[in-house]
Structures are given as C-alpha cells and as structure tokens.
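Data block below; observations after.
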Amino acid sequence: MRILRAAGYRVMPWKNGGGTTTEIAVSPHGAGLDDFDWRISMARVETSGPFSSFAGIDRTLSVLEGDGIVLDIAGRPAARLTAASAPLSFPGDVATGATLIGGPITDLNVMTRRGRMRHTVERLSLSGAMRIEHGTGTTLVLPVGGGVKVFADGASSLGPLDTLLLDGDGPEPRLQPEGQGHLFVVRLSSIAAND
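So for the sequence shown, my numbering puts the first residue at 213; every next one is plus one.
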C-alpha cells in the first residue's frame, strides 16, 4: 500500500499539444505515452476540440469538476458527461471530439493497453465507512471533494486528489470519509495470454 500525494504528480503536455495533463501513476514506472501498460491522469480541458488518438488503448473518462462535456465518439450517439455521471469507457483510437457544456472542466482519464491490460472505474459517494476490495492486480483510490482516513496497519489520511495505490493481495483497507465528495476506485489487471 502506497499513498501518492497530489503535490508530487507529474505535469506534462497533451499528446496533441492542446493542453496539459497531470499524471497520477503509470506502469511501467517512467513509461511515456507510447509504451505504457496503464496510465491514470487528470486533465484540465479549457476548450472544445478533438481528443488525442491513442492506438491500441482503451480509456475511461470521468468529470471531476466543472459543468461537463459532450463527447462525439465515432459510431456512437453523443454522450453527455458531468460530475454526476458514471464513468464512460471508449476506445482511445476512435475519432473523438469534445464540446464543453459551460466552461472548463477537470477530468480523470484511465487508459490501458488493449490485449495486455483491462480496467474498471467506479464512482462512489463519500457517505460512510467502507472497505476497498482488491485482487491480485493494482487498485487505485482517488477521493474528490473531501478526504478520507485510511485504516490498514495503522491510520493515514488522503487529502482530496491524493491517491491510495494497492498492489497485489493484502489487507482490505477501511476508509472513513473526512468531508463531502466522491471516491473513484480504479482496478487494473493483466490479461493472460489465453484470455
């Protein structure tokens, strides 16, 4: 179990040069945009326009703050995504355009290399104590709006946008909300060759 502090996240330019992204975690460590197995980041989207294309990548987008965004994903009806919406999954290599609903937003972006990794993203309300189940893969927990107290072999605190990273089997940490907000739980697992 590790805690990644928001102050230590790496800020880098978007692949298409249209803004900046804040990298929360990537695997393998230090991987670039063309050779990661998985990557979790936040981006500030200030203008409408096309998304960067990522060949062979599956991605899930969630709105963390702002009025929201409408995604025009080729071959699908337009999807309206707000801070109250469930996370939206789509292929990262399909032409996708974005229209802001009412000004800039901050989003959470989870990407995995298709055929090698898979992921799920769950959005939960910070409404009471909870346990986070995790399997043999990697699980990341990101509070938004409020913080959480983490109980597992002692106690520690996660501030808003800090991340709890759980690798492999281990105790299920108990979380106690500190304030109002939401919690994003990202689960990552590798795909066996015979899957």
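Just so it is clear, CB atoms sit at the ideal spot from N, CA and C, and this is done for glycine as well.
Just so it is clear, the structure is predicted and the values come from calculations on it, not from any experiment.
Of the residues the options, the one placed nearest residue i, counting alpha carbons only
i	options	result
A367	G349, P389 and H346	P389
L216	R292, T259, S369 and R399	S369
A267	L276, F248 and V356	F248
Q392	R256, P372 and E258	P372
A364	L376, S260, P355 and M329	L376
S401	V356, H346 and G382	H346
R271	M254, S260 and R214	M254
G220	I236, G315 and I344	I236
E277	L245, S239, I317 and F263	I317
T350	K361, T324 and S337	T324
V322	H331, G242 and H394	H331
I344	V362, V356 and G357	V362
G287	A243, R399, P240 and T308	T308
Residue i in three-state terms, based on DSSP
i	result
G359	strand
A291	strand
T261	A small fix is needed here, since residue 261 is Gly in this sequence, not Thr. The answer is strand: DSSP assigns G261 an E or B state.
A364	coil
A219	helix
W250	strand
Q392	coil
I313	coil
R328	coil
A267	coil
P225	strand
L370	strand
I281	strand
D381	coil
L376	strand
Residues bridged to residue i (per DSSP)
i	result
V306	For V306, which the question treats as bridged, DSSP gives no partner whatsoever.
A286	Paired residues: none, contrary to the question.
M342	L387
T348	T348 pairs with nothing; no bridge assigned.
A255	T233 and D319
L273	L300 and N321
Chain-order list of residues whose beta-carbon lies under 7 angstroms from that of residue i (same chain, five-residue window excluded)
i	result
L293	L273, V275, G280, I281, L283 and L300
V223	T232 and T234
R214	L377
Sequence-distant residues of its chain with Cβ nearer than 8 angstroms to residue i (five each side left out)
i	result
A341	R386, L387, Q388 and P389
S339	P389
G327	G268 and I403
N406	Here the model assigns N406 a pLDDT of 46, short of 50, so the residue's position is not dependable and the matter cannot be decided.
Same chain, Cβ closer than 6 angstroms to residue i, neighbours up to 5 away in sequence not counted
i	result
V397	E334 and V353
S265	D305
P383	A364
CB contact check: residue i to chain B, cutoff 9 angstroms
i	result
E258	In the structure shown, chain B cannot be found, because there is only a single protein chain.
Assumed close pair residue i, residue j - CB separation to whole angstroms, cut-off 8 angstroms
i	j	result
A291	V257	That pair is no contact at about 15 angstroms.
L336	V360	Incorrect: roughly 11 angstroms between the Cβ atoms, too far for contact.
M410	W250	Examination of residue 410 is not possible in this model, given that the chain is present from 213 through 407 alone.
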